[in-house]
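The structure under discussion appears below in the form of structure tokens.
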Amino acid sequence: ARLPRSAVLKKILDSVKDLVKETNWDCNEEGMSMQALDTGRIVLVEVMLREAAFESYACEVPMTLGIDMEPFGKVLRCAGGDEKVTIKASRNDQDHIELVFENEEKERMSAFELKLMDIDGEHMAVPDAEWGAEISMPSSEFKKIVMDLAEIGSDLTIAVSKLGVTFTAQGNNCKGSMVLQPSTAVDKKSEQVAISFTEPLEMTFAAPYMKMITKAAALSSTVTLSLDEACPICVRYEMEDNAGHIKYYLAPKED
Amino acid sequence: KAGQMRLDSFFKPQ
């Protein structure tokens, strides 16, 4: 599997490493994917890197690669963001993978081996949901709202109504809320806020977890929040050019 | 104060 830029892998690692320390990557002809729960079983993260994400991709037999994020991060730090990355896994020797970084300008090449782990992976079945509300907005805006409100209080309430979408946090000494209304005057789709809902709803989530989820803003200019009464929120980032996505499911807090 | 729910209440192992 050859990626045109290592930056994609670096950003994916950044987006999951606070939640998951080790995870199985499933490789098949469609691409590379992973699903993992954090140890507290509060967040589920799913990553899909489709064949389209790669400059070249070949997977003759489906394989599972058990990756420890810490050494993987150490290896990835050795790659420049614009260097090409080739990941090689051999079906004859499933003990490790090889990573080759290529800097075409400098004619430099570096090669690393990463030992694979035998991870007792648990796969959760996520049922298809009929969402009560969907909000799409610039991922940078969502990140700023969450980062700011997480400083105010540890509970983040998201309410959707005719007024728009309201994010509220309450701390011991202060309370803050931010309201977004659907944008009408913005041309660029990536800068638009779109809100759809069937019934008004209000749900509360842990702000520290939501903060970790906003790290994936680096992977996509837009984010979609899907909510339903008394269900986990789904926060989805679609990568450009059908390259794949990263999705998080965060369990709500209950009264 | 609200209690944190776990995903096991919503999703089952495959």
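Heads up: the protein sequence lines correspond to chains A and B, in order. 44 is the number that my numbering gives to position 44 of the first sequence; each next residue is one higher, with no gaps. 12 is the number that my numbering gives to position 12 of the second sequence; each next residue is one higher, with no gaps. Each residue gets a CB set at the ideal place from its N, CA and C atoms; glycine is no exception.
Identity of the residue in the options nearest residue i by Cα
{"i": "B:ASP8", "options": "A:GLN35, A:ARG41, A:TRP25 and A:GLY132", "result": "A:ARG41"}
{"i": "A:ASN242", "options": "A:TRP131, A:ALA7 and A:ALA52", "result": "A:ALA52"}
{"i": "A:GLU70", "options": "A:LYS143, A:LYS10 and A:CYS27", "result": "A:LYS10"}
{"i": "A:PHE101", "options": "A:GLN94, A:LYS115 and A:VAL85", "result": "A:VAL85"}
{"i": "A:ARG2", "options": "A:TRP131, A:GLY132, A:GLU130 and A:GLU98", "result": "A:GLU98"}
{"i": "A:GLY176", "options": "A:SER190, A:ILE145 and A:THR198", "result": "A:ILE145"}
{"i": "B:GLN14", "options": "A:ILE152, A:LYS21, A:HIS123 and A:MET32", "result": "A:HIS123"}
{"i": "A:GLU199", "options": "A:SER183, A:VAL223, A:TRP131 and A:LEU149", "result": "A:TRP131"}
{"i": "A:SER161", "options": "A:GLU141, A:ILE135, A:VAL235 and A:MET147", "result": "A:ILE135"}
{"i": "A:ILE12", "options": "A:GLU46, A:PRO4, A:CYS27 and A:GLU29", "result": "A:GLU46"}
{"i": "A:ILE152", "options": "A:PRO4, A:SER140 and A:ASN172", "result": "A:ASN172"}
{"i": "A:ALA251", "options": "A:ILE233, A:MET178, A:MET239 and A:GLU238", "result": "A:ILE233"}
C-alpha gap between residue i and residue j, whole angstroms
{"i": "A:GLU104", "j": "A:GLY80", "result": "11 Å"}
{"i": "A:LEU163", "j": "A:ASP14", "result": "34 Å"}
{"i": "B:MET5", "j": "A:LEU180", "result": "27 Å"}
{"i": "A:LEU44", "j": "A:SER110", "result": "34 Å"}
{"i": "A:ARG50", "j": "A:ASP38", "result": "23 Å"}
{"i": "A:PHE205", "j": "A:ALA218", "result": "22 Å"}
{"i": "A:ARG108", "j": "A:ALA36", "result": "35 Å"}
{"i": "A:VAL8", "j": "A:MET203", "result": "32 Å"}
{"i": "A:PRO208", "j": "A:CYS59", "result": "38 Å"}
{"i": "A:THR222", "j": "A:ASP228", "result": "20 Å"}
{"i": "A:LYS88", "j": "A:GLN94", "result": "10 Å"}
{"i": "A:PHE54", "j": "A:SER190", "result": "23 Å"}
{"i": "A:MET210", "j": "A:LYS247", "result": "12 Å"}
{"i": "A:ARG236", "j": "A:ALA133", "result": "14 Å"}
Beta-carbon neighbours of residue i, restricted to chain B and to distances below 7 Å
{"i": "A:GLU122", "result": "PRO13"}
{"i": "A:PRO4", "result": "In chain order: nothing, as chain B lies at least about 33 Å away."}
{"i": "A:TYR249", "result": "LEU7"}
{"i": "A:CYS231", "result": "PHE10"}
{"i": "A:ILE42", "result": "GLN4, ARG6 and LEU7"}
{"i": "A:ALA159", "result": "What A:ALA159 touches in chain B: nothing, since even the nearest Cβ is about 14 Å away."}
Within chain B, partners of residue i - CB distance below 8 Å
{"i": "A:ALA125", "result": "PHE11, LYS12, PRO13 and GLN14"}
{"i": "A:LEU37", "result": "LEU7"}
Three-way DSSP call (helix, strand, coil) for residue i in this model
{"i": "A:ILE42", "result": "coil"}
{"i": "A:ASP68", "result": "strand"}
{"i": "A:VAL223", "result": "strand"}
{"i": "A:LEU250", "result": "strand"}
{"i": "A:PRO208", "result": "helix"}
{"i": "A:LEU49", "result": "strand"}
{"i": "A:ASP18", "result": "coil"}
{"i": "A:VAL8", "result": "helix"}
Near the ligand ZN: residue i beta-carbon under 8 Å from a heavy atom
{"i": "A:GLU51", "result": "This structure does not include the ligand ZN; it has no bound ligands of any sort."}
Runs of beta strand (DSSP E) lying entirely within the stretch 116-204 of chain A, each at least 3 residues, in chain order: 133-138, 155-161, 164-170, 175-180 and 194-197
Which runs of the beta strand (DSSP E), 3 residues or longer, sit entirely within the stretch 76-123 of chain A? 84-89, 96-103 and 108-115
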